[in-house]
Amino acid sequence: MTSLRDPGTPFLALDLDRVDANIARLRAHLDQRGVPLRLHVKTAKAVEVATRAYGGGTGPITVSTLAEAERFADAGWTDVLYAVGIDPHKLARVRALVDRGVAMTVLLDSLAQAEALAAFCGEAGVASPALVEIDCDGHRGGVLPGDPALVEIGRV
25 MTSLRDPGTP FLALDLDRVD ANIARLRAHL DQRGVPLRLH VKTAKAVEVA TRAYGGGTGP
85 ITVSTLAEAE RFADAGWTDV LYAVGIDPHK LARVRALVDR GVAMTVLLDS LAQAEALAAF
145 CGEAGVASPA LVEIDCDGHR GGVLPGDPAL VEIGRV
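Just so we're on the same page, the numbering used here is the position in the sequence shown counted from 1, plus 24.
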């Protein structure tokens with residue numbers, strides 16, 4: 025980087041006073057309600073920002089890509105929710121994170137995903153917690169609340 029006019033990418037410029045004020049407001053809001061923080065790191069994608077949100081340490085995070093999970097694992101983060109329906113071909117990367125001591129939780133939105141996860145875990149001799157994504161608003165992903173597949177996924 026030679027100047028702010030030509031910083032190169034990736035590049036993140038923040039007003040740290042505003043970041044800290046936003047974090048304080050968020051923490052106060054959550055604390056008043058007794059709700060724990062699980063930061064979604066898809067926007068800032070910066071370990072430094074997440075570390076600030078947790079007062080200088082680590083905590084549970086949500087990611088949108090396994091690359092984000094891997095980057096945060098490299099920095100010592102160990103509680104990760106992968107918030108995208110898991111593609112079976114990505115399970116080996118999830119396993120690699122688990123082998124590194126990361127508590128990975130994956131999202132399921134189909135019976136095929138649940139079956140693939142169960143088979144993979146059985147073959148690998150590992151467990152991976154999973155949540156079923158329920159589509160409750162914009163049809164972006166997940167199983168509709170009344171869909172019989174919801175029960176079938178849970179049975180797997």
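All C-beta atoms, glycine included, are put in the ideal place defined by N, C-alpha and C.
Model, not experiment: these values are computed from the prediction.
Practice task
Compare the beta carbon distance of E157 and G165 with 7 Å and say whether it is the shorter of the two.
Solution key: As a working note, residue 157 is residue 133 in the sequence shown. As a working note, residue 165 is residue 141 in the sequence shown. In this structure, G165 lies closer than 7 Å to E157 by Cβ.
Handout entry: Same chain, Cβ closer than 6 Å to R29, neighbours up to 5 away in sequence not counted
Key = Position 5 of the sequence shown, counted from the first residue, corresponds to residue 29. Around R29: no qualifying Cβ.
Practice task
Decide if the stretch 120-135 is in contact with the stretch 87-96; the criterion is three or more beta carbon pairs, one per stretch, under 8 Å apart.
Solution key: yes
Practice task
Buried or exposed for L38, please, with buried defined as at least 16 other CB atoms from any protein chain shown within 10 angstroms of its CB.
Solution key: Within the sequence shown, residue 38 is the residue found at index 14, counting from 1. The residue in question, L38, is exposed, as its Cβ has fewer than 16 Cβ neighbours within 10 Å.
Exercise for the section: Tell me where the beta strand (DSSP E) around I110 begins and ends. Expected result: If you number the sequence shown from 1, residue 110 lands on position 86. Where I110 is concerned, there is no enclosing beta strand (DSSP E), given that its DSSP letter is neither H nor E.
Handout entry: Euclidean distance between Cα positions of L135 and D41
Key = Here residue 135 is taken as the residue at index 111 of the sequence shown, counted from 1. Here residue 41 is taken as the residue at index 17 of the sequence shown, counted from 1. About 46 Å.
Handout entry: Backbone secondary structure at V130 - three-state DSSP
Key = Residue 130 sits at position 106 when you count from the first residue of the sequence shown. In the structure shown, V130 sits in a strand (DSSP, three-state: E or B).
Exercise for the section: Look at the Cβ atom of S152, then the Cβ atom of V180, and state whether they are nearer than 7 Å. Expected result: Locating residue 152 in the sequence shown gives position 128, counting from the first residue. Locating residue 180 in the sequence shown gives position 156, counting from the first residue. Result no, Cβ atoms of S152 and V180 do not sit closer than 7 Å.
Practice task
Count the C-beta pairs between the stretch 67-87 and the stretch 101-110 that are closer than 8 Å, then say yes if the count reaches three, no if not.
Solution key: yes
Problem - R49 versus L155: straight-line alpha-carbon distance, rounded - result: Here residue 49 refers to the residue found at position 25 of the sequence shown. Here residue 155 refers to the residue found at position 131 of the sequence shown. Whole-angstrom Cα-Cα distance: 29 Å.
Handout entry: Extent of the continuous beta strand (DSSP E) run through I85
Key = Position 61 of the sequence shown, counting from 1, holds the residue named residue 85. Element bounds for I85: I85 to V87.
Practice task
Please classify L121: does DSSP put it in a helix, a strand, or coil?
Solution key: The sequence position of residue 121 within the sequence shown is 97, counting from 1. In this structure, L121 counts as helix in the three-state DSSP scheme.
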